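Heads up, the sequence shown is in the working numbering, so the first residue is -14 and it goes up one at a time.
Here a beta-carbon is modelled for each residue, glycine too, at the ideal position from N, C-alpha and C.
This structure is a prediction, so every number in the text was calculated from the model and none was measured.
Structure first, commentary second.
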Amino acid sequence: MKKLYQKFIKYPITGSLLLSVFLSIFIEILWQAKNHLFFDEISSQVLFALILTLFLVYPLVLTLFNFLFLFSCKGNQEVRQAGHRMEYTTLLLGLVLTPLLASFSEIRFVDWEVTLYNSELHTPIATWSLPTLLTLAFLAIAGYLILTLIPLIKLPPLITVFSISAMYLGCILCIVWIIQLIQWGLIALYLCLLPFNCTLIVGKRILELVFQWNQDGMGQTHQKKGHGFLTALLNRLLNRSIHWPWLALIGVFPLLGVAIAILTLFGQQPDAIIRAWTQTSDWNLSTQVSPQNIYVDEHYLCTVAAGGHRKIVKPLRMGIRHGRRVIVNRQLCIANAFEQILEERTPRFHHAIRRLYDRHGYPIAKHIHSPYAADIVYFVMKPLEWLFLVILYCCDCQPENRIAVQYFPKIPGIQSNGKRSKKAGL
-14 MKKLYQKFIK YPITGSLLLS VFLSIFIEIL WQAKNHLFFD EISSQVLFAL ILTLFLVYPL
46 VLTLFNFLFL FSCKGNQEVR QAGHRMEYTT LLLGLVLTPL LASFSEIRFV DWEVTLYNSE
106 LHTPIATWSL PTLLTLAFLA IAGYLILTLI PLIKLPPLIT VFSISAMYLG CILCIVWIIQ
166 LIQWGLIALY LCLLPFNCTL IVGKRILELV FQWNQDGMGQ THQKKGHGFL TALLNRLLNR
226 SIHWPWLALI GVFPLLGVAI AILTLFGQQP DAIIRAWTQT SDWNLSTQVS PQNIYVDEHY
286 LCTVAAGGHR KIVKPLRMGI RHGRRVIVNR QLCIANAFEQ ILEERTPRFH HAIRRLYDRH
346 GYPIAKHIHS PYAADIVYFV MKPLEWLFLV ILYCCDCQPE NRIAVQYFPK IPGIQSNGKR
406 SKKAGL
């Protein structure tokens, strides 16, 4: 066991990857056994295990080791270097995977005033406040890089304290982000992993600095006699690293004040750091109520196409489908009217076409969430729309009436093809 531990300390990245692979294989075996599946396609199983390792298991393993290394700040130099390699890997992988995961989620980078579709969610951060949050994040990164790249013996204690203050600002952003998303689900859990790890890394770095300063006796080399009581007191506090964490906490306020003052000159609101989280909807700290989402039936390509850009797909009105409001354009009405013709004239053929369309249309349509993708579908469907229109004009005496009444609520006395029922009264 001791040799295994020494190997891991020497090669922490390789060790964590191997552990993730073993855990992924174990999880896959359990899943296969639970669902009574057979291991007949080895290549697909290996691919699935690799995807599971990279996107699901490895981030959790990195989080676990970052938590464990938090308590190893008093270890030898080799242990601390292993912890540093883990945190570099965490930050690099997190900065790549977190935006990638967010792009595959239901979160859209729009503010609460915008009407969304189906189960889409508005941005958890107000878009207009991004300059403020990015500036604070830049300060936190700068503080981290200063303490990481510059040896502690070459840093004045005051610079060290303000660098810790800058990292505290980053921790505040990370904690608020976690609070904003924490109850949303599994994807939110993974979106919170990078901020959580950043908080662990900051805590570990501060503990290491305090221990290293005391261990190397650097407080004595920086000790100077002050010219007054206040100067002497400040000098004694700064040269005892045990005071750095709470001094840095005090240093957050002037650092934040200067940052807000500069940002205000560039047009940002003074309270943007607070309103960035509250001027949202759908989240834990949100105070706004967004417009109700519009339901788009993702099983049908024409309905998806109606969710494209207005200048292209030309939406006409709102309609009702399965009791829900949907966007209706002429292409969608023509396609639905054509389906009615098939159902009335050739029900068996309609049933076969519907089964084929549901089988192949749904796998495509369920992945179309971008308006640009919807625009492409709209143009792809255009030749079929013209074909449907020709058939309607050949088979229906009043084709435009049939097209016009599509997706309207059921009205007594009016048939779905637009004709007045003989049983209807005045």
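Buried or exposed by the 16-neighbour rule on C-beta atoms within 10 Å, applied to Leu232: buried
Determine the closest residue to Arg295 out of Phe40, Tyr363, Gln62, with distance taken between C-alpha atoms. Tyr363
Where does Ile167 sit, in a helix, a strand or coil, going by DSSP? Coil, per DSSP.
Give the range of the alpha helix (DSSP H) segment to which Val413 is assigned. This structure cannot speak to residue 413, because the chain is shown only from -14 to 411.
By a C-beta neighbour count over all protein chains shown, 10 Å radius and 16 as the cutoff for buried, is Trp371 buried or exposed? exposed
Just how far apart, CA to CA, sit Pro180 and Cys159? 5 Å
What residue range is occupied by the uninterrupted beta strand (DSSP E) comprising Pro300? 300 to 306
Rounding to the nearest angstrom, what Cα-Cα distance links Phe393 and Arg309 in this structure? Each residue's Cα considered, the two are about 11 Å apart.
Any idea what DSSP makes of Asn224, helix, strand or coil? coil
Assuming Leu121 and Ala244 form a contact by the criterion Cβ under 8 Å, report the distance between their Cβ atoms to the nearest whole angstrom. 6 Å
Thinking Ile259 and Cys318 are a contact (beta carbons under 8 Å), I'd like their distance in whole angstroms, please. The pair is not a contact, with the Cβ atoms about 47 Å apart (cut-off 8 Å).
What is the DSSP secondary structure of Asn199, reduced to helix, strand or coil? helix
Taking the alpha-carbon of Gly477 as reference, which of Asn321, Trp268, Pro356 has the nearest alpha-carbon? As displayed, the chain neither begins before -14 nor continues past 411, which places residue 477 out of reach and without an answer.
Presumed contact (8 Å Cβ cut-off) between Glu98 and Asn278, rounded CB distance: For a cut-off of 8 Å, the C-beta gap from Glu98 to Asn278 is around 13 Å, too long to register as a contact.
Just the Cα atoms here: how many angstroms apart are Leu377 and Gln254? Near 58 Å, if we compare the C-alpha coordinates of Gln254 and Leu377.
Residues near Ile(-2) by beta carbon distance below 8 Å, same chain, minus five either side: So the list reads Arg70, Met71, Thr74, once near-sequence residues are dropped.
Let's test the definition: count the other Cβ atoms within 10 Å of the Cβ of Ile247 and tell me whether it reaches 16, buried, or not, exposed. exposed
Express the C-alpha separation of Val42 and Val6 in angstroms, rounding to a whole number. 8 Å
Does DSSP classify Asn314 as helix, strand or coil? strand
Where Ser331 falls, given that 16 or more other Cβ within 10 Å makes a residue buried: Residue identity differs from the one stated: residue 331 is Thr in this sequence, not Ser. Thr331 is exposed by the Cβ-count criterion.
What does a CB cutoff of less than 8 Å around Ile14 pick up in its chain, not counting 5 residues either side in sequence? none
Taking the continuous alpha helix (DSSP H) assigned at Ser88, which residues delimit it? 62 to 89
If you reduce the DSSP assignment to three classes, tell me which class Arg295 lands in. helix
Helix, strand or coil for Arg309, going by three-state DSSP, please let me know. strand
Have a look at Leu218 and Thr263 and give me their C-alpha separation to the nearest angstrom. 41 Å
The segment 133 to 145 in contact with the segment 160 to 175 per 3-pair CB rule at 8 Å: no
Can you list, in chain order, the residues of its chain with a C-beta nearer than 7 Å to that of Gly236? Leave out the 5 residues immediately preceding and following it. Val146, Phe147, Ser150
With distance defined between alpha-carbon atoms, name the residue in Gly68, Gln62, Phe40, Lys59 nearest to Asn52. Correcting the residue type first, residue 52 is Phe in the shown sequence and not Asn. Measuring from the Cα of Phe52, the nearest candidate turns out to be Gly68.
Mind checking His107: buried by the 16 CB within 10 Å criterion, or exposed? buried
Which of helix, strand or coil does DSSP assign to Lys408? A caution first: Lys408 carries a pLDDT of 36, below 50, which makes its placement in the model unreliable, though a value can still be read off. Looking at Lys408 - three-state DSSP - the assignment turns out to be coil, as it is neither helix nor strand.
Could you check what DSSP says for Ile110 in three-state terms: helix, strand or coil? Looking at Ile110 - three-state DSSP - the assignment turns out to be coil, as it is neither helix nor strand.
Just verifying my parser: in three-state terms, what is the DSSP assignment at Tyr378? helix
Over what stretch of residues does the alpha helix (DSSP H) that includes Phe393 continue unbroken? Per DSSP, Phe393 belongs to no alpha helix (DSSP H) and is neither H nor E.
Terminal residues of the alpha helix (DSSP H) in which Leu248 lies: 229 to 250
With burial defined as no fewer than 16 other Cβ atoms inside 10 Å of the residue's Cβ, what is the status of Asn321: buried or exposed? buried
Does the Cβ-Cβ distance between Trp268 and Gln165 come in under 7 Å? yes
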